[in-house]
Amino acid sequence: MKILLIGSNGQVGWELARTLLPLGEVVALNRDQVDLTDLEKLRQTVQTIRPDVIVNAAAYTAVDKAETERDLAFLINAQAVDVLAQEAKKLNALLIHYSTDYVFDGTKDAPYFENDATNPLNVYGESKLAGELAIQASGADYVICRTTWVFAARGNNFVKSILRLAAERDKLNIVADQIGAPTWARLIAETTAPILRQAQLERGANTFESGIFNLTSAGETSWHGFAEKIVELAEINCVINPIPTSDYPTPAKRPANSRLSTDHLTQRFGLTMPTWETTLKLCLEELK
Ligand SMILES: NC(=O)c1ccc[n+]([C@@H]2O[C@H](COP(=O)([O-])OP(=O)(O)OC[C@H]3O[C@@H](n4cnc5c(N)ncnc54)[C@H](OP(=O)(O)O)[C@@H]3O)[C@@H](O)[C@H]2O)c1
424 MKILLIGSNG QVGWELARTL LPLGEVVALN RDQVDLTDLE KLRQTVQTIR PDVIVNAAAY
484 TAVDKAETER DLAFLINAQA VDVLAQEAKK LNALLIHYST DYVFDGTKDA PYFENDATNP
544 LNVYGESKLA GELAIQASGA DYVICRTTWV FAARGNNFVK SILRLAAERD KLNIVADQIG
604 APTWARLIAE TTAPILRQAQ LERGANTFES GIFNLTSAGE TSWHGFAEKI VELAEINCVI
664 NPIPTSDYPT PAKRPANSRL STDHLTQRFG LTMPTWETTL KLCLEELK
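My numbering applies: residue 424 is where the sequence shown begins, and numbers increase by one.
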C-alpha cells in the first residue's frame, strides 16, 4: 500500500509520518515539496505518486489571520482539498482528511454529533467546512476526522505558549467560558492508523462507507482549566485567573462549546479515547 502524506511538518503531520510507517510505503511531503496553493502542481504530484491512500494533514490554521486572508484560507482549506478529492476519486484512492469543531457555532448545550447542523462563526471554520463539502461531493472514498484544540511537543500551540508565559509571569488571564477537549497530535496520528487500516480492509471487501468522525480526547475543560493543569503538571508557580471571552477580544469569533461526541468513532472502529489529562502528562514528559 502506498500512502501519500501531505503536511508532514505540522503537529499532526509530523506524528503521522512516524505512526503510518508500518502500514505501507509512506511518501511524506512538507510544504517545500508540495505547496497547496499551486493547484496544478498538487494535481501532478498526486498523479505521479499514484497513492492508494492520501492523508492530508496540511491546512491553513491561522484562525485570526484568516479573517483578513479569506482567499488564501479557502485556497488551501477548500480548493486544494477539492483537488485532492478529485484525484483520489480518479485513482480509487482513500482520502483521509482533518477538520474542526469550528464548523459549528457552539450554541448546542451538549457535545456535537457529526450530523448536527454546521454554522461556522469565522472564516477559518467556513473554509474548513467548504473543504468537507468538496470531499463529500467528489464521490471519492473518504474519512474526515474532526478534531479540537490540538497540542504537541512540536509546533505552536497552547501548551507551549502557557509553559513559556507562566515561566515569565506571576499571573495569566485565561478564557474560562469556552469548553472543549484538548487533543494530542500523537493521539490523532495513532487513531488515524487503525482507521486507515480498517477502511482499506473494508474497501477491499466492498463494505466501506465514507464518513465524518469526531476524533478528540475524552473529557472536557475550558482554556482556563487546561492552563491550570499545564502549570500544575509542570510545577510552575503561576496563578491562572479565569476571564470571560468578552475580556479577550480576537479578530475571529470562537464557539463557546467545542465538545464533540466520539461515540461514532468508538462504534465504528472500536477505539476508546483516553482523557486529555492522560495525554497532556505524556506530552509534558516528552517536553521535559
Ligand atoms: N491546531 C488545532 O488546534 C486544530 C483544531 C482542530 C482541527 N485542526 C485541523 O487538524 C489538522 C492538522 O492541524 P495541525 O494542528 O497539525 O496544524 P499545523 O501544526 O498548523 O500544521 C499545518 C501544516 O500545514 C502546512 N501548510 C500550510 N499551508 C500550506 C501550503 N500552502 N502548502 C502545503 N502545506 C501547508 C504547514 O506547513 P509549515 O510547517 O511549512 O507551516 C503545516 O506543516 C488541520 O486540518 C487542522 O485544520 C487543528
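Note that CB positions come from ideal geometry on N, CA and C, so glycine has one too.
The model shown is predicted, which means the values in this text are computed figures rather than measured ones.
Taking the beta carbon of Glu-549 as the centre, do at least 16 other beta carbons fall within 10 Å, making it buried, or is it exposed?
Buried, because 16 or more other Cβ atoms sit within 10 Å of the Cβ of Glu-549.
So, do the segment 464 to 472 and the segment 524 to 534 have three or more beta carbon pairs nearer to each other than 8 Å?
Cβ pair count under 8 Å is below three, so no.
Is any non-hydrogen atom of ligand 1 found closer than 7 Å to the C-beta of Asn-629, if you look at the structure I gave you?
In this structure, Asn-629 has its CB at a distance of at least 7 Å from all heavy atoms of ligand 1.
Cβ neighbours of Gln-623 in the same chain (closer than 8 Å, five flanking residues each side left out)
Around Gln-623: Met-424, Asp-475, Val-476 and Leu-517.
Let me know if Phe-649 comes out buried or exposed under the rule of 16 or more other beta-carbons within 10 Å of its beta-carbon.
Using a 10 angstroms sphere on the CB of Phe-649, the tally of other CB atoms reaches 16 or more, which defines it as buried.
Assuming Leu-619 contacts Leu-427 under a Cβ cut-off of 8 Å, what Cβ separation, rounded to an integer in Å, is found between them?
For Leu-619 against Leu-427, the beta-carbon gap comes to about 12 Å, at or over 8 Å, which does not count as contact.
3 or more residues per run - each beta strand (DSSP E) lying fully within the segment 536 to 616:
The segment 536 to 616 contains these whole beta strand (DSSP E) runs: 564 to 570 and 594 to 598.
From which residue to which residue does the beta strand (DSSP E) around Ile-426 run?
DSSP places Ile-426 inside the beta strand (DSSP E), whose first and last residues are 425 to 429.
Exposed unless 16 or more other CB atoms sit within 10 angstroms - verdict on Lys-704:
Lys-704 should be labelled exposed.
Just to confirm my understanding: we take Ala-599, look at its own chain, exclude 5 residues before and 5 after, and list those with CB closer than 6 Å. What are they?
Here the set comprises Ser-645, His-647 and Pro-665.
Contacts around Thr-698, its chain only, beta-carbon distance under 7 Å, and the 5 residues preceding and following it disregarded:
Same-chain partners within the cutoff: Ser-640, Ala-641 and Gly-642.
If I'm right that Lys-551 touches Ser-584 with Cβ under 8 Å, what's the distance once you round it to whole angstroms?
Taking a contact as a CB-CB distance under 8 Å, the pair Lys-551 and Ser-584 does not count as one, their CB atoms being some 22 Å apart.
Local conformation of Glu-463 per DSSP, three classes
Here Glu-463 carries a helix assignment [DSSP, helix/strand/coil].
State the Cα-Cα distance for the pair Val-546 and Gln-509, rounded to the nearest angstrom.
CA-to-CA, the gap between Val-546 and Gln-509 works out to about 24 Å.
Which same chain residues, not among the five before or five after Thr-673, have their C-beta less than 6 Å away from its C-beta?
The residues Asp-487, in chain order, have a CB closer than 6 Å to that of Thr-673 in the same chain once the five nearest residues on each side in sequence are set aside.
Taking just the CA atoms, how far does Ala-576 sit from Leu-638?
Linking Leu-638 to Ala-576 through their CA atoms gives a straight-line distance of about 19 Å.
Which term fits Ser-681, buried or exposed, when burial requires 16 or more other beta carbons within 10 angstroms of its beta carbon?
Burial call: buried.
Under DSSP, the beta strand (DSSP E) around Phe-636 begins and ends at which residues?
First-last of the beta strand (DSSP E) with Phe-636: 634 to 637.
Which residues bound the beta strand (DSSP E) around Ala-451?
Start and end: 448 to 452.
Is there contact between the segment 602 to 613 and the segment 437 to 446, where contact requires at least three CB pairs shorter than 8 Å?
By the Cβ criterion, the segment 602 to 613 is in contact with the segment 437 to 446, since at least three pairs of Cβ atoms, one from each stretch, lie closer than 8 Å.
Cβ contact (3+ pairs, closer than 8 Å) linking the segment 493 to 501 and the segment 446 to 457:
As far as the Cβ criterion goes, the segment 493 to 501 does not touch the segment 446 to 457, which means the pair count is below three.
Restricting to Cα atoms, I'd like to know which of Pro-534, Leu-507, Thr-668 and Thr-702 is closest to His-756.
This structure cannot settle anything about residue 756, because the visible part of the chain is limited to 424 through 711.
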